[in-house]
Amino acid sequence: MWAGFWLGMVVYPAAWFLGGHVERFAAAVLIALCANFFLPWDLGDLYLPGRIANWVCLLIFLWLSVRSDRWWPLLMAANLALQALADVVGFLDPGISDYGVASAKIGLGYLVDLTLMFGVLERWLAGEAPAGQTAWARAHRATLARRRRKPDARHRAAAPLGEPASASPA
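Position one of the sequence shown corresponds to residue 3 (our numbering), numbered consecutively onward.
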């Protein structure tokens, strides 16, 4: 399980900084899903909130596979559907141990992370620009525009008492 945690800690930042908008959205959803496992929501043997989070994640990736032109969200949705199926089979068949269901979900979780990593790798090999660069460039342009609109507000607040507010520190 810890190997999957560390795989996610490598893949999710890579998806965030090197991926496009779809990869960044997927990384955010998967980080939220990981945060779900650290919350103490255990309801006996059922662990219903974790299962509900898996189903919500499956629906999100089904929506993402319909909305995007990438191949990997459909594979991700298939992996999450298999995880949900493992939950259903484990619930319906008492002969299957909890360890069997957990090992199936852990193995499919590795496949989910690797699918996201291959989606980022495909974008990088195709030479497409990461969405992070455009987001930071847009934020930088907005900051510069805000500073150009209000250049004296900064200096007015920093001007010592007794000096005129229009004095520039240059």
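Just so you know, even glycine gets a beta-carbon here, dropped at the ideal spot from N, CA and C. Since this is a predicted model, take the numbers as computed values, not measurements.
Compute the distance between the beta-carbons of residue i and residue j, then report whether it is under 8 Å.
i	j	result
L118	E25	yes
Y14	A29	yes
W74	F120	yes
V31	I54	no
N56	D89	yes
L60	S67	no
In whole angstroms, give me the CA-to-CA distance for residue i and residue j.
i	j	result
M11	P51	23 Å
L64	G21	19 Å
G129	S99	46 Å
V103	G92	6 Å
Please list, in chain order, all residues of the same chain as residue i whose beta carbon is under 8 Å from its beta carbon, the five residues on each side excluded.
i	result
A133	G21, G22, H23, E25, R26
A37	none
Identify, in the order they occur along the chain, each residue of the same chain with its Cβ nearer than 6 Å to the Cβ of residue i, setting aside the five sequence neighbours on each side.
i	result
L110	N81, L84, Q85
L116	none
L9	D115
A172	Bear in mind that the predicted position of A172 carries a pLDDT of just 49, short of 50, making it unreliable; the figure below should be weighed with that in mind. Counting only Cβ-Cβ distances below 6 Å, and skipping sequence neighbours, we find nothing.
Can you check which of these residues, the options, is closest to residue i by C-alpha distance?
i	options	result
L113	M78, D71, A139, G129	M78
Could you have a look at residue i and say whether DSSP puts it in helix, strand or coil?
i	result
K107	helix
E130	coil
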